[in-house]
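Worksheet: the structure to be examined is printed underneath.
Residue numbers (the numbering used here), protein chains in the order written: chain R, 186 to 490; chain Z, 910 to 1181.
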């Protein structure tokens, strides 16, 4: 991954008695996807708003592209950001085209008509550009919001619950966009409480609650941190022959219900397990080290608080 | 300030207004009623009045008009003199009422409408400065009001001249003082009202609250506009010049204050 695009350090902001961000620290690099995980009210939306300068923190340091978004370079920073808010924030009385043209004018997009058509085509709503947005379905609104967010080719894409309420096809479009942006060296930040959609997408996972970072890191680092052992699913032609594994010194726990679930001390012992079983004449059908899901990670982190 | 972005905000708001038939159809009916129907009916009724007692009272009213006008109307029948008086001095100030109603309705919904629709978030994250956004919304609220004022004056003049001037010596309305009022007093009063209401709209939490507050602001300004128009039309134009100058200053201050105190958190519905 590239240079730091977002740097938040010790950011705190409260609304009345409610602390939305509490000593919040985050670094996001170019070419990476950062997923902010947390329940409603965890502070994910506030974090996004702080990044664009929409909300001013009372305490802490905010740097986006190396500058303070609430400072004199705020306009320049915002012109490099694409935001898909939790509510699509569209103008229902205007047509899809007029919504995009409005954004093109504010962001100073050159060759606006061509770019509008390209963006709309990319998300499959070019046929509906002439219709009023008030008549759009939820999926079409989300696609229009995505078109608007990438119209000016932003270097930082901020998505706040982008797949909430979407059909699977529209949700896939969102996830494909995130992948594509990261591949092109852009930084992506996605807020979600849907753990499944973040699976396999996140370069960095930040688990939040009550405005605080509970844990942050790559999915792999966090998995190792919370599950230093590894669980392997093993199946054989004669499953009963697997029972000998329970006595192996590097096996922590053994359980068989059809196939066997074997917990090893660490990942390096997977090869030892296979070697030993093959040497004992066990004909293996399946050996699958199991990686914990983000969901498991999330609940484990919250449980251990 | 970025003129392109100010224009973009203003045009987007005006386009939305154009698509809001539920907003402009009732207001168009009010305008039609105030500028055409009521004056036409009243002028017709008065110009055809035959009751000698009522005519005597009307002539008494005409007798209080400025000397040049009395001389000009001296040769006309009493009912025509009365019609002219009614047209120029009693109905014409209504020209202030309709534009202020329209502009205050629009301006009350500017920011609070963005928040209620959730579209304020788009503006808050956009590169447009808060000054650009404020000015764009101010212009979008002012333009319909000014167009209504000018259009209303043209229509009203046509009605008055059709009903009254055919029975007097040439076109009598608008009078000279009216131009002072329309070009010097009306614009800043409208701008002052809109600037104040737009600022309130950025602070309140609901459209209903914004409408209530806008009424509180619009009412004294309507009364002031009415009083100035009456005073300047009955007498000399100097009160209009003075009030206009004060209104320009007040409008400039209100716009500056509104533009510089708006922040992005208000667009997001925070700190309202």
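Note that beta-carbon positions come from the ideal geometry of N, C-alpha and C, so glycine has one too.
A direct Cα-Cα distance of roughly 7 Å separates residue 350(R) from residue 323(R). For residue 279(R), at least one C-beta of chain Z is nearer than 8 Å to its own C-beta. In this structure, residue 1178(Z) places its C-beta atom within 8 Å of the C-beta atom of residue 1029(Z). Three or more Cβ pairs closer than 8 Å define a contact, and the region 1091-1105 of chain Z meets that threshold against the region 1038-1051 of chain Z. Under the rule that a run must span 4 or more residues, the alpha helix (DSSP H) segments found entirely inside the region 999-1078 of chain Z read 1003-1017, 1019-1026, 1029-1034, 1039-1072. The three-state secondary structure of residue 279(R), taken from DSSP, is coil. For residue 1013(Z), the closest of 1120(Z), 1157(Z), 1071(Z), 960(Z) by C-alpha to C-alpha distance is 1120(Z). Under the three-state reduction of DSSP, residue 338(R) is assigned to coil, being neither helix nor strand.
Under the 8 Å criterion on CB atoms, residue 209(R) is classed as non-interfacial with respect to chain Z.
Counting C-beta pairs closer than 8 Å gives three or more between the region 323-336 of chain R and the region 265-273 of chain R, which meets the contact rule. The beta carbon of residue 925(Z) falls within 8 Å of a beta carbon belonging to chain R, placing the residue at that interface. Judged by DSSP secondary structure, residue 221(R) falls within the beta strand (DSSP E) whose first and last residues are 218-222.
Nearest neighbour of residue 1176(Z) by Cα position, chosen from 211(R), 216(R), 229(R), 238(R), turns out to be 238(R). Here residue 959(Z) is exposed. Its C-beta has fewer than 16 other C-beta atoms within 10 Å. Taking all protein chains in view, the Cβ of residue 1122(Z) is crowded by 16 or more other Cβ atoms within 10 Å, so the residue is classified as buried. The three-state secondary structure of residue 442(R), taken from DSSP, is strand. Within the region 302-368 of chain R, the beta strand (DSSP E) runs of at least 3 residues that lie entirely inside it are, in chain order, 341-345. The C-alpha of residue 418(R) lies about 10 Å from the C-alpha of residue 441(R). Taking each of 451(R), 259(R), 230(R) in turn and checking the Cα distance to residue 1038(Z), the smallest one comes out for 259(R). Contact between the region 302-315 of chain R and the region 1057-1064 of chain Z is absent: fewer than 3 CB-CB pairs across the two stretches fall below 8 Å.
The region 1080-1163 of chain Z is shown to contain no whole beta strand (DSSP E) run of 3 or more residues.
Excluding its 5 nearest sequence neighbours in each direction, residue 1027(Z) has no C-beta neighbour in its own chain below 8 Å.
No Cβ of chain Z is located within less than 8 Å of the beta carbon of residue 282(R).
Distance from the CA atom of residue 292(R) to the CA atom of residue 913(Z), rounded to whole angstroms, is 10 Å. Inclusion of residue 341(R) and residue 371(R) in the CB contact set at 8 Å is warranted, their separation being smaller than that value. Scanning 430(R), 476(R), 448(R), 439(R) for the CA closest to the CA of residue 460(R) turns up 430(R). Close to chain R, meaning a Cβ-Cβ distance shorter than 9 Å, is no residue of the region 1088-1119 of chain Z at all. Judged by beta-carbon spacing, residue 1174(Z) lies within the 8 Å limit of residue 241(R), meaning their Cβ atoms are closer than that value. Short of 8 Å from the beta carbon of residue 463(R), and not among the five residues preceding or following it, lie these beta carbons of its own chain, in chain order: 469.
Taken through DSSP and simplified to helix, strand or coil, residue 377(R) comes out as strand. Annotation for residue 191(R): the continuous beta strand (DSSP E) segment containing it runs 189-200.
At a C-beta separation below 7 Å, residue 1039(Z) has no neighbours in chain R, since its nearest C-beta there lies roughly 10 Å away. Here the alpha carbons of residue 446(R) and residue 434(R) stand approximately 16 Å from one another. Beta-bridge partners assigned by DSSP to residue 266(R): 341(R).
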